[in-house]
Structure formats: C-alpha cells, structure tokens
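**Student:** In the working numbering, the protein residues as written are 17 to 397. Attaching a single structure in structure tokens format; questions to follow.
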Ligand SMILES: Cc1cc2nc3c(=O)[nH]c(=O)nc-3n(C[C@H](O)[C@H](O)[C@H](O)COP(=O)(O)OP(=O)(O)OC[C@H]3O[C@@H](n4cnc5c(N)ncnc54)[C@H](O)[C@@H]3O)c2cc1C
C-alpha cells in the first residue's frame, strides 16, 4: 500500500515534523510514565516547548508567536497523539490564545500572547460548572462590575490544565436577566490571586497525566480591562465563533491516535505466536486490522479535508461537529479492536494501546458531547 501523505504537508512542514518529533522523543516520551503517576506534566515542559518555539504556532510573530499556520499546530498534536501522549494540554492552551487573538484588543494581545508563546503563562478554558456542561447558558459563576474591576464568585469543574493554569479564559455571567446575552469572557491571571483556589486534581478513567481540576472563585477581583470584547454579553457569540477550531483539534488527535495504534498493533501481531503460528497470519486477525486501517484512512481523509477548509476559513460548525463525533466514535472502536488483538497484554498499562484506549473514552464527551454534535448537525440536514 502506498504511504499516505496529507495533501497539506510540504517540504518545510516535513523538516518541521522532524524537529517536533525529536522534541517529543527526547522531552516527552521518557517523562510520560512520571507524568501519568504524578497527574501533571509540570511547568518545565511548557518552558521547554516555549524555548523551542512550539507554542502558539499558528499566531503571528508580532506577538512573539510562531508565525506559522494551523498545519504547524497539527504536526505537534499528531506527533504526541501517535505516541499515546495525552498529558500536555496544548489544545486548550492554543484555544485560550486564540480567544485573546480573535477578541482581544491590541493591548491585551501584547499583554498575554508573548508570555503564552514562551510557556510562562499556561492557558486553560474555564467553562464547565457542576450544573452546566452541555447547557452552557446555565452558567452561574458571576462577575459583577464594581468600578474598574470585576468581582467574581463561583466555581468550575473538569478544567484541563486546571492544576497549573496561570491564564484562564473564564466564561462568566455578567447579567442575570438574560441567559444567552448574559455571558462574557474574562481573562484571569491566577498567580497570587486572592480568593482563587484550585480544588482537587480529579481522579479520572483516563488522561492520568492531565491535571484536570476544579476551580473556585470567592470575591476574586479581576481588572475590568481583562474582559474580551467591547461590551458585556458577547461571550456566547465569541464561544460559538471558535468552535470549529476546537472540534477539529479533538478530531485530528483522534485520527493520529488511531494511526499510532494501528501501526503498533500491526507490528505486535506479526510477532505474537499462538497455536504454532504468528497471530497476524490468522484470517480473523488480518481482517480486523484491515477494518481498523480502513476506518482510520477514512477518518484521516475527512480530517485532512477539514484541516484544508480551516486553513482558508471555510470550516463550518456542522462539518467540524461531524468530524468530532464520527472520528472520536471510530477512535474508540478502533482502539477497542487493537486492545483485543493484544489479548491480556492489551489490558496492561505498560502497553500503549491500553493507555490509548483509556484516554480515548473522553474524546466522545468533552468539547461538546457527541450527542450535542448530532443535535447541531441535525439542524442543518
Ligand atoms: C477529562 C475532561 C476534560 C475536560 N476539560 C474541560 C475544559 O478544559 N474546560 C471546560 O470548560 N470543560 C471541560 N470538560 C467538560 C466537558 O466539556 C463536559 O463534561 C461536557 O461538555 C458535558 O457536560 P456535562 O459533563 O455537564 O454533561 P451533561 O451536559 O450533564 O450531559 C449528560 C448527558 O446528557 C446528554 N445531553 C445533554 N444535553 C443533551 C441534548 N440537548 N440532547 C441530547 N443529549 C444531551 C449528553 O450528551 C450526555 O450524554 C472536560 C471534561 C472532562 C471529562
């Protein structure tokens, strides 16, 4: 079979991939077991990624960022996901930077983006609350404008990078009368912030290297000039504008994980013996791998098409939702088959397919559940 090369790849990106791949092999792979054990990747790796120029790759150099485009971000996501690395919250960090870039003033961009690109500020997206996940308009965290600052009270849950985030894109209510027009986005620098508290790092089914956390705000004072947007109440519209970008990141990490798992499983079945032959010679095993490889290729072609559309600002919400839902459902099926082909070893954490399987489950839940994706798609069908 001819090797597949994504149509958006070129020579420059090929060289960039080599650099990224080296960084991932040297700085991330050897640390993954420790990160999984301590439920955090720590701050050092953020600084190292910043020094290498690997953060905020698709934002302009004017703000100290990479000056590339979404393809550069994709390469870094892929190199991690193919190796089953799931602790480094690059996705939410980039999303956080994008909110600043898309909706911030010139002064706000200069205040936050260079430090995010250097890995000095670690970004997080703080939307979900104990009583408001899919139904974001039910958010109760409140920000009251008092002179030149907002007084924030409330709590957030399930926040990726939450344990060590130093810059939050906080979704908060600035108006209690209106559900949709009552939300605003406020950037919150958390270091030494009085009244701000990180709760427990949550004990999860997968993603053990992720410091997913609860966040609490008790009379927290945030300067009024940290709000994104010229007026209050734009939050819901700003959130909707960035959804295709966020959903595509989830889908492309899904397809890269599938590719990594199929490649690894294909090697394994060519070595593992049962009943006097390598299991990879058995028809059932070959058929299962053929099915996994086919689904993975279909997912890849679809995701590549979405990447190309995003590059020219033509990726709409419905197509991004299709990619998020279908790829992550497929990811879980493929990972399940790979675990099965490993037999008992597939159930052992020391094997990559086992870790990938556990990590893959949440892909169908976060970033908008797959049911919400279908709800959105169905409205346009
Ligand atoms: C590991 C992890 C990391 C996360 N990271 C972040 C983060 O960084 N930032 C952040 O803000 N949030 C984050 N989340 C939260 C995540 O986005 C939410 O959990 C998700 O949106 C679902 O919300 P919920 O948990 O409140 O479920 P609910 O909204 O209560 O949904 C429960 C069930 O009801 C279904 N349902 C709800 N409404 C409908 C509907 N209209 N039609 C059909 N079915 C429906 C859902 O699909 C789901 O199956 C994370 C979650 C996890 C587990």
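Each residue gets a CB set at the ideal place from its N, CA and C atoms; glycine is no exception.
1. Near residue 221, which residues of its chain fall below 7 angstroms by C-beta distance, leaving aside the five closest residues on each side in sequence?
2. Hey, would you say residue 359 sits closer than 9 angstroms to residue 288, going by beta carbons?
3. Have a look at residue 248 and residue 238 and give me their C-alpha separation to the nearest angstrom.
4. Measure the CB-CB distance between residue 230 and residue 216 and report whether it falls below 9 angstroms.
5. In chain order, what residues of the same chain have a beta carbon less than 7 angstroms from the beta carbon of residue 182, not counting five sequence neighbours either side?
6. How about residue 98 and residue 45: are their beta carbons less than 9 angstroms apart?
7. Could you pull the DSSP bridge partners for residue 188 from this structure?
8. Just the Cα atoms here: how many angstroms apart are residue 184 and residue 112?
9. Could you tell me the alpha carbon to alpha carbon distance between residue 322 and residue 339, rounded to whole angstroms?
10. Please find out if some non-hydrogen atom of ligand 1 comes closer than 8 angstroms to the beta-carbon of residue 387.
11. Are the region 82-89 and the region 117-125 touching, with three or more C-beta to C-beta distances below 8 angstroms?
12. I'd like to know whether the C-beta atoms of residue 180 and residue 270 end up nearer to each other than 9 angstroms.
13. Taking DSSP as the reference, what is the three-state secondary structure of residue 289?
14. Mapping the DSSP letters down to three states, classify residue 170 as helix, strand or coil.
15. Can residue 260 and residue 336 be called in contact, C-beta distance under 9 angstroms?
16. Taking the straight line between their C-alpha atoms, what separation do you get for residue 171 and residue 348?
**Tutor:** Straight from the coordinates:
1. The residues are 374, 377.
2. yes
3. 15 angstroms
4. yes
5. Cβ neighbours of residue 182 within its own chain (closer than 7 angstroms, five residues either side excluded): 137, 138, 205, 206, 207.
6. no
7. 200
8. 7 angstroms
9. 8 angstroms
10. yes
11. no
12. No; because the gap between Cβ atoms is not below 9 angstroms, this pair is not in contact.
13. strand
14. Residue 170 falls in the strand class under three-state DSSP.
15. yes
16. Straight-line Cα distance between these residues: approximately 31 angstroms.
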